[in-house]
Amino acid sequence: MNSALRVDLYGVATDAGASTRGAGMGPEALRIAGFGEMLGELGREIVDHGDLRAPRGKGRQAEVLALAAETSGKALQSLSSGGMPVFLGGDHSLSMGTVSGAARHCAATGKDIHVVWIDAHADFNTPGISPSGNLHGMPLALLCGEPEFGDAFGGSWRGLVDPRNVTIFGARSIDREERRLLADRGIEVVDMREIDELGVVAHMREVLKRAEGGHLHVSFDVDSMDPSIAPGTGTPVPGGLTFREGHLIMEMLHDSDLVGSLDIVEVNPYLDRGGETARLAVALISSLFGRKIMARQADLNQKVRAEAALHPRP
Ligand SMILES: [Mn+2]
Numbered sequence: 025m026n027s028a029l030r031v032d033l034y035g036v037a038t039d040a041g042a043s044t045r046g047a048g049m050g051p052e053a054l055r056i057a058g059f060g061e062m063l064g065e066l067g068r069e070i071v072d073h074g075d076l077r078a079p080r081g082k083g084r085q086a087e088v089l090a091l092a093a094e095t096s097g098k099a100l101q102s103l104s105s106g107g108m109p110v111f112l113g114g115d116h117s118l119s120m121g122t123v124s125g126a127a128r129h130c131a132a133t134g135k136d137i138h139v140v141w142i143d144a145h146a147d148f149n150t151p152g153i154s155p156s157g158n159l160h161g162m163p164l165a166l167l168c169g170e171p172e173f174g175d176a177f178g179g180s181w182r183g184l185v186d187p188r189n190v191t192i193f194g195a196r197s198i199d200r201e202e203r204r205l206l207a208d209r210g211i212e213v214v215d216m217r218e219i220d221e222l223g224v225v226a227h228m229r230e231v232l233k234r235a236e237g238g239h240l241h242v243s244f245d246v247d248s249m250d251p252s253i254a255p256g257t258g259t260p261v262p263g264g265l266t267f268r269e270g271h272l273i274m275e276m277l278h279d280s281d282l283v284g285s286l287d288i289v290e291v292n293p294y295l296d297r298g299g300e301t302a303r304l305a306v307a308l309i310s311s312l313f314g315r316k317i318m319a320r321q322a323d324l325n326q327k328v329r330a331e332a333a334l335h336p337r338p
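Numbers given in the numbering used here equal positions in the sequence shown, counted from 1, plus 24.
This is the structure in structure tokens:
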């Protein structure tokens, strides 16, 4: 992660894409759990832009689309002014906007956009195959240009991501038709079985190698974590990532220097146990922003070089 970048923080207070209410309070819970202070302690410059909300009363799809248009614009604006946009959700439908904004920036600057979607689910349903009809189960399909979405979805977020540049990480609940579609489109799915067999390191190395030279957007759904340590989320699935697996993923993402934009979604304080899930999310993201248990040799070498450059020997 490029540690010189200013962090532009946006809350997205919505649960319009989910069937369970409460994720709209996620930004507040993440703030109370110390998200901003954590970034400050790690020496990051932060600009907190407050929370985005959509007007209520026009239906859930209208709310999702209004917010997607807004978050897309914010992501683009932040990136093109040299910032790193970080979105605190909110349900996962908001990533229709955030990822498309990052993709628009990449299109303008000639970079490839890569997406790592850390999630218990694949979020690759379309209106025709979705068992629930909830839009938080569809953002990735929309971003990858699935043709089945209606005209209402004709915004700038549509189809800007190459399915070959997407990795779904930590999946363990995929619907039948969704599985077929993922296979047809050639989307890389690192499911929990693969993580059990080879560990997160081998798979993350592959993701990072593919993204080399590009812009990596991280979309982190807290339901990727095991519900025993992340109970505060609307669609928990057993058999998720452990505490250490979560941190290791974040540490590797940090070390890669590739991450240029980030979502943290599906924190539902209404279902949480006294803020446990929000605090876990803040701790995990602190690893993404460079918190270390111990300095490693590479960091020490870098520090020595930086000091030598500051104080050249006469
Ligand atoms: Mn999700």
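Note that the Cβ used here is the ideal one computed from N, Cα and C, for glycine as well.
Handout entry: the stretch 173–182 / the stretch 55–68 touching (three or more Cβ pairs under 8 Å)
Key = no
Practice task
Can you check the stretch 152–188 for any alpha helix (DSSP H) of at least 4 residues that lies completely inside it and give the ranges in chain order?
Solution key: 163–167
Exercise for the section: Please go through the same chain and pick out, in chain order, the residues whose beta-carbon is closer than 6 Å to the beta-carbon of alanine 40, but skip the five residues on each side of it. Expected result: Arg84, Glu87, Val88
Practice task
Give a yes or no on whether 8 Å exceeds the smallest Cβ distance from leucine 164 to chain D.
Solution key: No chain D appears in this structure, which consists of one protein chain only.
Exercise for the section: Report all residues for which the CB-ligand distance to some heavy atom of ligand 3 is below 7 Å; order them along the chain. Expected result: Among the ligands in the structure shown, ligand 3 does not appear; only ligand 1 can be found there.
Exercise for the section: Could you tell me which residues DSSP pairs with threonine 191 in its beta bridges? Expected result: Val140, Glu212
Problem - Sub-8 Å separation of leucine 51 and glycine 64 beta-carbons - result: Reading the sequence as shown, one finds proline at residue 51 and not leucine. Going by C-beta atoms, proline 51 is not nearer than 8 Å to glycine 64.
Problem - When Ala92, Ala93, Thr122, Arg68 are compared against leucine 286, the one with the closest alpha-carbon - result: Thr122
Problem - Spatial neighbours of alanine 127 in its chain, beta-carbon cut-off 7 Å, leaving aside the 5 residues before and after - result: Ile137, Leu184, Val185
Handout entry: Bounding residues of the alpha helix (DSSP H) (the contiguous stretch that carries valine 123)
Key = 119–133
Exercise for the section: Following the continuous alpha helix (DSSP H) through aspartate 279, name the residue where it begins and the one where it ends. Expected result: 267–280
Exercise for the section: Only counting runs of 4 or more residues, tell me where the alpha helix (DSSP H) segments fall wholly within the stretch 43–69, in order along the chain. Expected result: 50–56, 59–65
Handout entry: histidine 116 in three-state terms, based on DSSP
Key = helix
Practice task
State yes or no: is the C-beta of serine 243 within less than 8 Å of the C-beta of valine 139?
Solution key: yes
Handout entry: Opposing strand residues paired with tyrosine 34 [DSSP bridges]
Key = Phe111
Handout entry: Integer Cβ distance of leucine 232 from leucine 282, believed to fall under 8 Å
Key = 6 Å
Problem - the stretch 261–273 contacting the stretch 209–225, beta-carbon criterion three pairs below 8 Å - result: yes
Problem - Contact check, methionine 162 vs aspartate 147, beta carbons under 8 Å - result: yes
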